[in-house]
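Numbering (the numbering used here), first residue to last: 2 to 170. Working notes, beginning with the structure itself.
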Amino acid sequence: MDTKRSLFSRPRFAMTFVAILVGLDQFIKWLVETRLPFQEPVPVLPVLDLYRTHNEGIAFSMLTGVGDQWLLALTLVVIAFVAFLWARSTPARWISQTGFALVVAGAVANLVDRAMLGYVVDYILFHVGNWYFAVFNLADALISVGAAAIVIDELFGKWLYRQTPEQAG
């Protein structure tokens, strides 16, 4: 077994992980759609509410009104581009490999919503006093954390994956 490869560079493991995350996201969204009132805050913590709403745009409701076909096409292009970058990335760079898996999982999960419902189900609302962050969902969080992991790997990878002379050869 090649121990220098990230598990996420192994297609079977990576796709299973992506499928599990998409399934989890869809299950949570089903619970939200069937159990939460529409656009009524349900307090969880002083800074966190559950708040079911429908996002007809993309991230932070951008491109609302563009049309489902364009948003579906745009999402597919983004997934294909990220998958291309993922396939070309260095297998040993586990941080970016994990990031690519998270981004793909989140994008696919939101794509399923848009294709099946015509909108994306959002339900997490952070707020402090009268300031409110955009309502989002697990898929959005996966995309954000994944993108951050890719950036961190790109910025700090040469130090994170530094090999000693014994490891190199």
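Backbone N, C-alpha and C define an ideal beta-carbon position, used for all residues, glycine too. In this text the structure is predicted, and so the values were computed from the model without any measurement.
Here's the rule: buried if 16 or more other CB atoms are within 10 angstroms of the residue's CB, otherwise exposed. What is residue i?
{"i": "Trp160", "result": "exposed"}
{"i": "Leu75", "result": "exposed"}
{"i": "Asp3", "result": "Low confidence applies here, because Asp3 scores a pLDDT of 45, under 50, leaving its location unreliable and the question unanswered by this model."}
{"i": "Trp95", "result": "buried"}
{"i": "Arg53", "result": "buried"}
{"i": "Leu112", "result": "buried"}
{"i": "Val121", "result": "buried"}
{"i": "Phe85", "result": "exposed"}
Apart from the five residues just before and just after residue i, which ones in its own chain have a Cβ nearer than 8 Å to its Cβ?
{"i": "Leu32", "result": "none"}
{"i": "Tyr134", "result": "In the sequence as presented, Tyr is not what sits at residue 134; that position holds Phe. Here the set comprises Leu126, Phe127, His128."}
{"i": "Phe28", "result": "none"}
{"i": "Arg115", "result": "Asp69, Leu72, Leu73, Thr76, Val121"}
Roughly how many angstroms lie between the CA atoms of residue i and residue j, to the nearest whole one?
{"i": "Gly158", "j": "Ile151", "result": "10 Å"}
{"i": "Val109", "j": "Ala149", "result": "18 Å"}
{"i": "Lys30", "j": "Thr99", "result": "23 Å"}
{"i": "Leu156", "j": "Pro42", "result": "39 Å"}
{"i": "Trp87", "j": "Val104", "result": "10 Å"}
{"i": "Asp50", "j": "Trp132", "result": "13 Å"}
{"i": "Ala102", "j": "Val83", "result": "9 Å"}
What are the start and end residues of the alpha helix (DSSP H) that includes residue i?
{"i": "Leu143", "result": "139-161"}
{"i": "Leu37", "result": "That residue, Leu37, is in no alpha helix (DSSP H); it is neither H nor E in DSSP."}
In terms of residues, what are the limits of the beta strand (DSSP E) holding residue i?
{"i": "Leu49", "result": "49-56"}
Here's a check: name, in chain order, each residue in its chain whose Cβ is nearer than 7 Å to the Cβ of residue i, leaving out the five neighbours to either side.
{"i": "Leu37", "result": "Val43, Leu51, Arg53, Tyr124"}
Could I get the ranges of all uninterrupted beta strand (DSSP E) runs contained in the region 75-141, with 3 residues as the minimum, in chain order? Counting only runs of 3 or more residues that sit fully inside the region 75-141, the beta strand (DSSP E) segments are 121-129, in chain order.
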